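S.K.: So the protein sequences, as listed, match chains A and B. Following my numbering, the numbering of the first sequence begins with 1 at its first residue and continues without gaps. Following my numbering, the numbering of the second sequence begins with 516 at its first residue and continues without gaps. No residue lacks a Cβ here, since even glycine has one placed at the ideal position from N, Cα and C. Just so we're clear, the structure is a prediction, and the values are computed from it rather than from any experiment.
Protein chains: 2
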Amino acid sequence: MPEKIYNKMRSKLTLLFFLIFAVSIIKAQTQRPNIIVFLVDDMGWQDTSLPFWDRITTLNKIYHTPNMELLARQGMKFTNAYAAPVCTPSRVAMLTGVNPAHSGITNWTSTDKDKNTDATDDQFLPSKWNFNGLSPVAGRANTMYATPFPKLLKDVGYFTIHVGKAHWAAAGTPGANPYNMGFTVNIAGHAAGNPQSYLPKENYGNIVGKATARAVPDMEEYFGGETFLTEALTLEALKALDAPIKNKQPFYLNMAHYAVHVPIQGDKRFLQKYLDQGIDSVEAKYASLIEGMDKSLGDIMDYLKIKGVEKNTVIIFMSDNGGLSLTNPGERGGNQNNVQNLPLKAGKGSVYEGGIRVPMIVKYPAMVKPASVTSQYVIIEDFFPSILALAGVKNFKTVQQVDGKSFVPILKNPLTINEERILIWHYPNKWGNMQEIGTNYFSAVRKGDWKLIYNLRNGKRELYNLRTDIGETKDIASENLQKVNQLTNALGVQLKQWNAPMPIRKSDRKPVGWP
Amino acid sequence: MPEKIYNKMRSKLTLLFFLIFAVSIIKAQTQRPNIIVFLVDDMGWQDTSLPFWDRITTLNKIYHTPNMELLARQGMKFTNAYAAPVCTPSRVAMLTGVNPAHSGITNWTSTDKDKNTDATDDQFLPSKWNFNGLSPVAGRANTMYATPFPKLLKDVGYFTIHVGKAHWAAAGTPGANPYNMGFTVNIAGHAAGNPQSYLPKENYGNIVGKATARAVPDMEEYFGGETFLTEALTLEALKALDAPIKNKQPFYLNMAHYAVHVPIQGDKRFLQKYLDQGIDSVEAKYASLIEGMDKSLGDIMDYLKIKGVEKNTVIIFMSDNGGLSLTNPGERGGNQNNVQNLPLKAGKGSVYEGGIRVPMIVKYPAMVKPASVTSQYVIIEDFFPSILALAGVKNFKTVQQVDGKSFVPILKNPLTINEERILIWHYPNKWGNMQEIGTNYFSAVRKGDWKLIYNLRNGKRELYNLRTDIGETKDIASENLQKVNQLTNALGVQLKQWNAPMPIRKSDRKPVGWP
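1) Which residue or residues does DSSP assign as beta-bridge partners of B:Ala684?
2) In chain order, what residues of the same chain have a beta carbon less than 7 Å from the beta carbon of A:Met367, not counting five sequence neighbours either side?
3) Can you give me the C-alpha to C-alpha distance between B:Tyr969 and B:Ala599, rounded to a whole angstrom?
4) Which chain A residues sit within Cβ distance under 7 Å of B:Val723?
5) Using a C-beta to C-beta distance shorter than 8 Å, which residues of chain B count as neighbours of A:Ala176?
6) Pick from B:Met659, B:Glu825, B:Pro715, B:Leu668: whose alpha carbon is nearest that of B:Pro689?
7) Could you check whether the Cβ of A:Ile25 sits closer than 8 Å to any Cβ belonging to chain B?
8) Of the choices A:Pro359, A:Leu233, A:Pro503, whose alpha-carbon is the least far from that of A:Asn186?
9) Runs of 3 residues minimum, wholly inside the stretch 978 to 1020 of chain B: which ones carry the beta strand (DSSP E) assignment?
10) When you check each C-beta in the stretch 185 to 208 of chain A against every C-beta of chain B, which residues fall closer than 8 Å?
11) Hey, quick one: how far does the alpha helix (DSSP H) through B:Tyr818 stretch, first residue to last?
12) Roughly how many whole angstroms lie between the Cα atoms of B:Leu967 and B:Leu768?
13) Scan the stretch 663 to 675 of chain B for residues whose Cβ lies nearer than 7 Å to a Cβ of chain A and list them as they occur along the chain.
14) Per DSSP, what kind of secondary structure is A:Ile35 in: helix, strand or coil?
15) Terminal residues of the continuous beta strand (DSSP E) containing B:His677?
16) Answer yes or no: does any C-beta atom of chain B fall closer than 8 Å to that of A:Lys239?
17) Can you find at least 3 beta carbon pairs, one from the stretch 865 to 873 of chain B and one from the stretch 626 to 638 of chain B, that sit closer than 8 Å?
18) Which residue marks the beginning of the alpha helix (DSSP H) containing B:Ser618, and which one marks its end?
19) Can you have a look at B:Asp817 and say buried or exposed, based on whether 16 or more other CB atoms are within 10 angstroms of its CB?
20) Hey, how far is the Cα of A:Thr473 from the Cα of A:Leu326?
21) With DSSP as the reference, label B:Met609 as helix, strand or coil.
22) Among the candidates B:Arg982, B:Thr931, B:Pro663, B:Gln792, whose CA atom is the shortest distance from the CA of B:Arg606?
23) Would you identify the three-state DSSP class for B:Ala774, choosing helix, strand or coil?
24) So with Cβ pairs under 8 Å, would you call A:Pro217 a contact of chain B?
25) Cα separation between B:Arg872 and B:Met734?
26) Less than 8 Å separating the beta-carbons of B:Lys878 and B:Leu586?
27) If I measure Cβ to Cβ from A:Thr227 and keep anything under 6 Å in the same chain, skipping five residues before and after, which residues do I get?
28) May I ask which residues mark the beginning and end of the alpha helix (DSSP H) holding A:Thr234?
29) Can you find a CB in chain B that lies within less than 8 Å of the CB of A:Tyr179?
30) How big is the Cα-Cα spacing for A:Gly438 and A:Thr106?
31) With a threshold of 8 Å, are at least 3 pairs of Cβ atoms found where one atom belongs to the stretch 753 to 762 of chain B and the other to the stretch 708 to 728 of chain B?
32) Please classify A:Lys27 as buried or exposed, where buried requires at least 16 neighbouring CB atoms within 10 angstroms.
33) Residues of the stretch 762 to 776 of chain B in Cβ contact with chain A at a cutoff of 8 Å, in chain order, please.
34) Do you know offhand how far A:Asn458's Cα is from A:Leu344's?
35) Relative to the C-alpha of B:Pro1030, which residue among B:Asn647, B:Asn995, B:Val960, B:Phe911 is closest?
36) DSSP puts B:Ser958 in a beta bridge; with which residues?
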C-alpha cells in the first residue's frame, strides 16, 4: 500500500488507540465497586429465617427474612462472624479496623460529653476507657484518634452516605457528626444509640416537651404520617443514591438501621401474622421489626437492579452485636431467661456466643460465588481493611494501627481457613445491674474451635469447644489446662500490648492485672 | 521535508488536536460556575455598614459588616432589591420563581401539618392559602406543587448543598425535607422558621424536656461548646464544599443562615463593643448577630480564595424580608416604634418598604464589574431564572409557570433599566395582633418610581413616589387619581389572573373582591 495511505491509517490508528486508552481509564475509574454495609442494630444470629447453624432452629421458623435468604443465595454466608458485645465498640471497630480493647472504646458512648456510662459496682470503680468515643481529630480528651475508612473512600472519589444510627462518639465531640468521619451525606445519624420512637405518629420522638436526645433527626417529612422509621430511612437512603448513580460516581452507603434496637415497637405492616401465631406480644413486635428491616434490604436490592448497578455493588449484611436477651418485664424475654439466641448462650452484652456471634452475608457478583458458605471466623474490625481492599484503595495512611484482617481472600475462596488466628473480646465495663451471664467484666478469646471465657472479677476461666458445643454448655477447662493456659496467655499478652482498659478495684484504686 | 516525517508530524498533530479538544470539553464542563446564595433571615435594608441608600445613615454607622463592604467592592450592589414581607413566601418564591400571590403561599408555614398559621381576626376568617407550603410532589393538600431549581441544578450535575434554615413547608409534608427539593446535602434545615437557641451551651435548643420543634438538628458536634450557631453552620458548609471542589464538580450552596431572626441572643465574639457604645441591650445583641453573619460571609470568601475557586464562583447576598420592627418589650425596638429600618417605613410583615426592601449584592468576577451599582428593581422570584441562567441550564422543565425575570442582563450592564415592570406584594393574612403599619391584609404594587399600597380590609389606597419619598411619608393618592387607578387595576388584574388567596369575610364567608 502507498506510504501516504499507510501513514494516514497509522494516524487514525493512533487516534483510535488513544481513544481506547482514554475510555479504558474512564471505565476503570467508574468500575470501582459500589459498597453497601447493611448494618442492623442488636440483631441476633438466629433472628432470621436464614439458617446460620447446621440445622433449622425453632427461631429460624419464627422469623421471616426472605430478602436475607435471597442475598445468601446470591452471595456468601459467614457462619462464624463476630462483633463486639455492645454497639459503640463494634461500630468504631468497623470504621477504624481497631479492636475495642486496643481503641479503649469498650462500652457505649453517651449523649452527653465527658460521661462515663459504666454502671456503679461494689467491687470496681468505672474503668478508664475512652468514653467520648472515636475522634477524627487529635487531642480530644477520652477519645481514640483514628482515620475512619469513609474518609479514605471519600478521598479517592467515593460518594459516601451515612443513614441511620451512628453512635461512634459522645455529643459535643467531633465524632458525633458523620460529616467529620468522611461522610458526604448524613441522614439521621447522631450521638444517640437508639431511636426514641419508630412511629411516625410520634414524630420518631420529636414531640415538644417529650423529646429526648434520642429523638431521630432529619425525618420531618414523615411526621404524623404512616411511614415506620425503618421504611423512612430506606426511602431516604435510596434518594441519596440517585446522585452518585446518575453521576457514575462510586458510592459507599453505610445503611445503619436503628432497627431492631429497643424500643420494641410493632411495625404494623407485619405485626398481625406474628400475633396470630400466638407468640408473646413483645416477641411478635420484635419479629415485625426484623421483617421490616428485611424489607428494607429487599428494597435496596430491587433499587440496585432497576438502576443497573447490581452487578457492580458489594452488599455486606451485618449486625453490631448479639440479640437482646434481657429479662426485664416489657423488654424481650419476659420471664424466660436467655432463650432468645438459642442454641447460643446469653445475648447482647455477653462475651458468650449469644452476645457476639452475628449474621453476616456478602454479595458481590464479580467476586463471590452464589450460595457459598464459609466457616472461617471473622470479626467486625476486619471490615476496615476488607472494604478498602474491595474499593482498590492501597497505600492509604491512617493514624491508627489496624488490627483487622481483610476477608477478601475468603470472598474469593470460602475454603480459605486460618485456625491459628486469635480473636479477642474485652468488656472491662459494667453494663447494668442485670444478672445476665457473661455480661459485666468479662473477656474472651477464640483460636480455632477453642474459646476461653475470662472473668475479670475473679480470674475464673471457662473453656469451650465451639465445634462440638456451640451453646457453651460444657466447661472443659479442668480437662484442658494446657489449652486454658495457652489462651489465657494469648489474651493477657495482647491486652497488655494494646494497653487495654481494665476494671479498677475500689479497694486500692488500681487496675486488675493482665490475664 | 520528507513525506514520512510530515505524516508522522501530522499524526502527532491530530493527536494533539484531539487532546486539546478533549481538554476543552472537560474544561467547559468544569467551568460552569459555582453558585452560592447567602441568604440572611429577617435582615433589614439598613442593618449594615454598607450604604444601600444615597447617603450613610445612622443605622449604617451602628453596624459593622466589613465583608459585605468587600463583597460590594468586588461585585454589584442592588439598591432596589425586594423580597416578600415574611419568610416562607420569599423562600418558596426564590426556589420556584413563583410570586407568593400566584403560589398561594403568602404566609409562614407551621411546624405542624395542616395548620393555618393565620391569626384570628374580627373581620376575617383565615385565608385559604397553601399553608402546607411548597411540595415537590403532586397531590398534597394545601401545597403548591412546583419544581425547585436545586433539583434542576442537580439534574445537570451540580452538587447541591443546603445549610441552615429551610422553612419551605410544614413538617409532615415532603417539602419539609431539603432532600426532596434537589439538595444532595442538608445540614440543619427542616420545617422550623427559627432556631430555638443560637447558643452551644443550650445545645441550640436540644435539651431534654425543653426541646421544641425549633431545636436545631445536625449540630451535635458543637453541643456544650463555644461555637455560636452562625459559626457552626459556616464550618459545616465549608466542610460540605470540600467534596465537590476536590472532585471538580460545580456546586450550588444555599447558605441560609438562621441569623438574624429572633431569638435575639448576643454573639459574645462581637457583643461588647456594641454595649460599650451605650445602645439598647437588645439592639446590641442584634448588632452582634449581624456581625457574626458578616464574619460567616468573610470566612466563605476566604475559603473560596484558598481553594482557588473564587473567580468561578457567583455569590448572591440576600435577605428574605425586611428587618423586624416589633414593639413588644424584649424584642427589637423597645418603646420606639418602627425606627429599625429608617429611612424606610415599618418592618417585617409590612408591604411598606421597611418590610420588603432588602440588601442584595452579587459577585461574579467573570461577569460583574467590581464596585458596580444598579438601581433597577428586582424581586426574590427573579432568583430562579437568574440562577439557572448563570449555571447555563436551558430547556429545563418545570410544572409551575415562572413569574420571575432573570437579572443576568443587569449583572452584565447595571444600567439595564425597565421602568415598565410591575412588582406585586400580597399578604391576605394576619400575622398577629400587633399594630404595626402595613401589616395584616395588605397588598402593594410598584411600577417605576410609583408604589401603591392597597388595604384589603377596606380598599383604602395610598400612593407614594419612591424617588422623592423613599420613606413613604407623603400619601399623594388624592393628587394622582389616574396613577392610583392604573396601579389598582394592574394589581387587581394580576391577582385575579393568579387566582390569589384573598381574605374571607366572616359576615358572608366570601372572599373580598379583586382590587
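M.R.: According to the structure shown:
1) By DSSP's assignment, B:Ala684 forms a beta bridge with B:Gly648.
2) Setting aside the 5 residues that flank it on each side, A:Met367 is surrounded in the same chain by Leu411, Lys412, each with a C-beta closer than 7 Å to its C-beta; the list follows chain order.
3) Cα-Cα distance, rounded: 15 Å.
4) The contacting residues are Thr212, Ala213.
5) Correct list: Glu735, Glu736, Phe738.
6) The shortest C-alpha separation from B:Pro689 is found at B:Met659.
7) Residue placement at A:Ile25 is poorly supported in this model, since its pLDDT is 49, which falls under 50; the coordinates still yield a value, given next. Interface annotation, A:Ile25: not in contact with chain B, CB-CB separation never under 8 Å.
8) Taking the Cα of A:Asn186 as reference, the smallest distance to any Cα among A:Pro359, A:Leu233, A:Pro503 is reached at A:Leu233.
9) Listed in chain order, there is nothing to give.
10) Those would be Val185, Asn186, Ile187, His190, Ala191, Asn203, Asn206, Val208, in chain order.
11) Start and end: 796 to 821.
12) Looking at the two C-alpha atoms, the distance is approximately 36 Å.
13) Listed by position, the residues of the stretch 663 to 675 of chain B near chain A (Cβ gap below 7 Å) are Lys669, Gly672.
14) Three-state result, A:Ile35: strand.
15) The continuous beta strand (DSSP E) containing B:His677 extends over residues 674 to 679.
16) It does; some Cβ of chain B falls within 8 Å.
17) Segments in contact, no.
18) Judged by DSSP secondary structure, B:Ser618 falls within the alpha helix (DSSP H) whose first and last residues are 615 to 618.
19) B:Asp817 is exposed by the Cβ-count criterion.
20) C-alpha separation (whole angstroms): 19 Å.
21) Secondary structure at B:Met609: helix, using DSSP grouped into helix, strand and coil.
22) Of the candidates B:Arg982, B:Thr931, B:Pro663, B:Gln792, the residue whose Cα lies closest to the Cα of B:Arg606 is B:Pro663.
23) In this structure, B:Ala774 counts as coil in the three-state DSSP scheme.
24) Chain B places a beta carbon closer than 8 Å to that of A:Pro217, counting this residue as a contact.
25) Their backbone Cα atoms lie some 32 Å apart in a straight line.
26) Yes, Cβ-Cβ distance for B:Lys878 and B:Leu586 is below 8 Å.
27) If the five residues before and after A:Thr227 are omitted, its C-beta is found closer than 6 Å to the C-beta atoms of Pro200, all from its own chain and listed in chain order.
28) 229 to 246 is the span of the alpha helix (DSSP H), which, as asked, contains A:Thr234.
29) Yes - at least one Cβ of chain B is within 8 Å of the one on A:Tyr179.
30) The C-alpha of A:Thr106 is placed about 15 Å away from the C-alpha of A:Gly438.
31) These segments do not touch.
32) Residue confidence for A:Lys27 is low, a pLDDT of 49 falling below 50, so the modelled location carries little weight; the figure read from the coordinates is stated next. Answer is exposed; the Cβ neighbour count stays below 16.
33) Listed in sequence order: Asn762, Gln764.
34) Rounded to the nearest angstrom, the two C-alpha atoms are 24 Å apart.
35) Of the candidates B:Asn647, B:Asn995, B:Val960, B:Phe911, B:Val960 places its Cα closest to the Cα of B:Pro1030.
36) Answer is B:His941, B:Tyr969, bridged to B:Ser958.
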